[in-house]
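Protein chains in written order, with my numbering: chain A, 18 to 270; chain B, 53 to 391; chain C, 33 to 287.
The structure is reproduced here in structure tokens:
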């Protein structure tokens with residue numbers, strides 16, 4: 018509680034400081050190139066109240082949610098399998114690392130062939146960009162479950178299923194949350210990448226329009242919105258984690 | 053005493069300037085130029101003028117390339133480049149947003165962009181109204197969109213019914229067409245010929261036949277930069293270099309082939325021969341007339357196009373072309389060069 | 033030896049699937065590996081690809097080096113001090129979401145298209161991931177270890193060297209490995225925009241009708257990324273073999 022108590026004013030101070038720096042950086046620069054936060058935030062408020070941004074955001078969240086949930090559904094079991102079984106790991110990891118290395122923008126032409134230009138293709142890109150991120154983290158987590166715990170479980174005669182559900186899953190939950198967090202960050206990134214590089218829709222279409230008109234205040238207000246979305250997603254998951262796993266979330270010294 | 057001190061100061065000042073003076077007198081004038089990422093058949097003469105001919109006229113151009121026309125235009129506004137390749141619509145919308153830019157020359161006359169359609173699905177313009185036919189453009193309100201928009205209006209096609217999507221990147225658009233995800237895309241003339249070999253893809257629209265002049269890529273710079281006499285001189289020399297290159301390109305297929313192999317960014321460019329290039333060269337030089345003997349920037353070209361830009365909502369129409377287009381420098385260059 | 037067998041089995045399965053898919057849709061859309069291999073042989077014989085790749089990687093290393101130099105200490109500081117955490121975490125959480133492709137135009141305006149443009153893009157693409165990973169590690173270190181150290185009257189500096197750093201070591205290696213993948217990808221995206229270096233080659237290959245050249249370049253990129261990652265992993269283990277064992281047995285709390 019004390020942490021939050023003095024944390025909030027500090028966070029606020031840090032935000033205000035950042036805004037002042039940004040305002041200074043933007044002063045004297047043409048509005049066709051850059052815009053100060055005062056103008057950008059006013060624009061953000063205006064477009065939010067008019068309903069333009071909320072509608073676009075809802076559209077964007079639709080493929081974000083589906084792509085991300087699919088990625089979680091695939092990556093969690095696969096991650097545990099890779100983490101606990103060296104043969105599976107040896108088979109999957111080289112291919113996984115290879116695809117992980119390709120920038121998503123370079124994947125777009127190939128996604129178009131298999132999934133078209135619209136909703137399915139956007140879901141596919143969100144899936145592709147977040148699934149590897151989740152896999153990598155869950156794999157490490159599953160691999161590092163304390164062998165002593167497993168030993169104890171076995172000595173109490175737990176079968177494989179019980180070992181997984183009673184011992185492994187709780188022991189690796191912290192990893193799962195980290196994985197979800199990193200995966201969600203990448204999924205948000207993928208959400209907007211898909212809207213910009215496949216058929217432009219929702220927030221991506223708004224971004225392209227503002228850019229086309231050299232409306233930098235509009236463009237930056239969308240960037241700020243995405244940043245806020247990222248912040249909210251991560252804080253939300255953190256809050257969920259501290260409610261579900263109170264024993265794990267330790268105060269830092 | 054006073055005299056000697058003044059003399060000393062003078063000598064000192066001259067000595068301080070010395071390293072600069074010879075550099076300006078002997079060395080070439082540096083020129084920071086920004087150019088678009090890709091160069092196709094139509095871009096060859098102007099690229100050759102910039103890279104090969106300008107140095108013989110006492111200039112040392114340093115060229116930066118980038119992918120997006122909008123960012124390129126912003127670098128001109130920010131002063132990160134002196135002069136650059138952009139397009140007419142982008143310059144106009146930047147000026148509407150408050151930028152100080154001038155169009156000083158054309159990269160070429162008309163455009164080599166054409167619309168290619170999947171001929172199994174699209175036989176005539178009216179077919180584009182069907183909901184199952186999707187048209188891909190680079191971005192709404194940019195050249196690829198506007199060049200389709202005008203002819204559609206003229207032919208009485210209901211543009212509201214046309215299913216248009218934006219896909220950035222010519223490579224992705226070609227993939228989309230070939231995989232049947234979209235039925236019509238803008239590509240350059242030389243790519244259209246290549247596509248025709250791969251399937252039933254036919255040219256639906258050739259803008260140069262639709263308009264007196266279809267202005268696409270232009271040379272632009274900031275108005276403040278152009279006010280300096282030496283910068284104005286550089287622009288005139290650049291236009292002269294362009295016209296020299298245009299005349300060579302029209303007259304000499306061998307020269308064109310050599311420069312095509314050097315400047316075109318397609319992976320297959322190095323394998324081009326005079327025979328393989330002949331149809332492209334004839335198309336660009338004769339049918340389209342992309343490289344005029346004399347660059348003549350008539351205000352009427354823009355006056356004809358601005359209503360189309362406005363109807364496609366590419367610009368709002370707040371500024372007049374004569375506030376942006378600088379026609380006198382091309383005239384001056386033509387007069388100096390003669391012919 | 034057995035592991036290598038499974039590796040090969042996995043790769044062979046992936047290649048077989050790719051070959052089938054490639055034959056199904058054709059080389060114009062998705063070239064099969066047999067064609068890509070031919071294309072790769074041609075590129076390799078030409079040699080241009082390695083020259084461009086080496087130059088691009090050199091520039092990437094500067095940006096990545098800076099990201100480690102700044103991101104590692106910053107991540108540790110955030111993990112160990114609630115003051116630093118409160119000041120910087122909100123920014124970290126926001127910036128980590130921004131995509132490189134969206135930042136590139138702004139960076140061109142600030143840095144031009146020279147050396148520092150690429151270094152800066154690589155830096156911002158990797159520094160947040162480096163920070164986040166180390167932060168997770170630094171936060172997870174049991175306070176009681178430090179307390180034990182204190183009760184043995186270890187000084188702050190001594191505690192850092194003898195307790196914090198050894199406990200952090202696996203996270204530092206992991207942070208660098210994760211950061212490196214992001215750095216290499218960002219290098220390519222930045223270069224695709226200014227059409228220089230290896231990314232420039234990929235951009236140009238995108239204009240070809242066949243996808244074989246593009247895929248050959250992407251596969252080379254995969255190999256480079258895997259090799260670079262392997263170098264980091266092996267170096268990490270070679271420098272301090274005992275740390276990896278320690279993590280494996282006690283269980284690192286997070287990556």
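Idealized CB from N, CA, C, for every residue including glycine.
Inter-residue Cα distance where the pair is residue i and residue j
{"i": "residue 189(C)", "j": "residue 112(C)", "result": "14 Å"}
{"i": "residue 61(B)", "j": "residue 108(B)", "result": "With a pLDDT of only 46 at residue 61(B), under 50, the local geometry of the prediction cannot be trusted, and no value is derived from it."}
{"i": "residue 74(B)", "j": "residue 235(A)", "result": "Bear in mind that the predicted position of residue 74(B) carries a pLDDT of just 38, short of 50, making it unreliable; the figure below should be weighed with that in mind. Distance between the alpha carbons of residue 74(B) and residue 235(A) is about 49 Å."}
{"i": "residue 116(B)", "j": "residue 139(B)", "result": "17 Å"}
{"i": "residue 41(C)", "j": "residue 108(A)", "result": "6 Å"}
{"i": "residue 214(C)", "j": "residue 254(B)", "result": "42 Å"}
{"i": "residue 317(B)", "j": "residue 311(B)", "result": "11 Å"}
{"i": "residue 384(B)", "j": "residue 97(B)", "result": "20 Å"}
{"i": "residue 89(A)", "j": "residue 100(A)", "result": "16 Å"}
{"i": "residue 349(B)", "j": "residue 158(B)", "result": "8 Å"}
Same chain only: Cβ atoms within 6 Å of residue i, ignoring 5 sequence neighbours per side
{"i": "residue 145(C)", "result": "226"}
{"i": "residue 109(C)", "result": "116"}
{"i": "residue 98(A)", "result": "105"}
{"i": "residue 263(C)", "result": "none"}
Under the three-state DSSP convention, the category residue i falls into
{"i": "residue 230(C)", "result": "helix"}
{"i": "residue 188(A)", "result": "helix"}
{"i": "residue 153(B)", "result": "strand"}
{"i": "residue 131(B)", "result": "coil"}
{"i": "residue 215(B)", "result": "strand"}
{"i": "residue 113(B)", "result": "strand"}
{"i": "residue 255(A)", "result": "helix"}
{"i": "residue 256(B)", "result": "strand"}
{"i": "residue 271(B)", "result": "strand"}
{"i": "residue 119(B)", "result": "coil"}
{"i": "residue 128(C)", "result": "coil"}
{"i": "residue 318(B)", "result": "coil"}
{"i": "residue 76(B)", "result": "Low confidence applies here, because residue 76(B) scores a pLDDT of 43, under 50, leaving its location unreliable; read the following figure in that light. Three-state result, residue 76(B): helix."}
{"i": "residue 371(B)", "result": "coil"}
{"i": "residue 46(A)", "result": "coil"}
{"i": "residue 134(A)", "result": "coil"}
{"i": "residue 85(C)", "result": "helix"}
{"i": "residue 166(C)", "result": "helix"}
{"i": "residue 158(B)", "result": "strand"}
{"i": "residue 377(B)", "result": "strand"}
{"i": "residue 201(B)", "result": "helix"}
{"i": "residue 217(A)", "result": "coil"}
From the options, residue whose alpha carbon lies closest to that of residue i
{"i": "residue 226(B)", "options": "218(B), 191(B) and 239(B)", "result": "239(B)"}
{"i": "residue 235(C)", "options": "124(A), 155(A) and 255(A)", "result": "124(A)"}
{"i": "residue 66(C)", "options": "43(C), 230(C) and 50(C)", "result": "50(C)"}
{"i": "residue 104(A)", "options": "266(C), 90(C) and 43(C)", "result": "43(C)"}
{"i": "residue 203(A)", "options": "85(C), 161(C) and 100(C)", "result": "161(C)"}
{"i": "residue 151(B)", "options": "339(B), 329(B), 375(B) and 386(B)", "result": "375(B)"}
{"i": "residue 167(C)", "options": "124(C), 86(C) and 238(C)", "result": "124(C)"}
{"i": "residue 76(A)", "options": "135(A), 157(A) and 261(A)", "result": "135(A)"}
{"i": "residue 283(B)", "options": "98(B), 179(B) and 111(B)", "result": "111(B)"}
{"i": "residue 256(C)", "options": "104(C), 239(C), 219(C) and 77(C)", "result": "219(C)"}
{"i": "residue 229(C)", "options": "150(C), 100(C), 34(C) and 265(C)", "result": "150(C)"}
Close-in-space but distant-in-sequence residues of the same chain around residue i (CB under 8 Å, 5 per side omitted)
{"i": "residue 165(B)", "result": "195, 196, 199, 238, 239, 240, 241, 259 and 268"}
{"i": "residue 136(B)", "result": "85, 86, 87, 124, 125, 127, 128, 271, 272 and 273"}
{"i": "residue 243(A)", "result": "205, 209 and 220"}
{"i": "residue 254(A)", "result": "194, 197, 198 and 201"}
{"i": "residue 174(B)", "result": "180, 185, 235, 236 and 256"}
Neighbourhood of residue i by C-beta, 7 Å cutoff - its chain only, sequence neighbours within 5 removed
{"i": "residue 60(C)", "result": "241, 242 and 243"}
{"i": "residue 252(B)", "result": "170, 171 and 172"}
{"i": "residue 231(A)", "result": "49"}
Per DSSP, the bridge partner or partners of residue i
{"i": "residue 81(B)", "result": "111(B)"}
{"i": "residue 236(B)", "result": "169(B) and 187(B)"}
{"i": "residue 138(B)", "result": "270(B)"}
{"i": "residue 87(B)", "result": "117(B)"}
{"i": "residue 209(B)", "result": "Note: residue 209(B) sits in no beta bridge, so no partner."}
{"i": "residue 336(B)", "result": "For residue 336(B), which the question treats as bridged, DSSP gives no partner whatsoever."}
Any non-hydrogen atom of the ligand HEM within 8 Å of residue i CB
{"i": "residue 206(C)", "result": "Summarising the ligand content, the structure contains no ligands, and the ligand HEM is consequently not present."}
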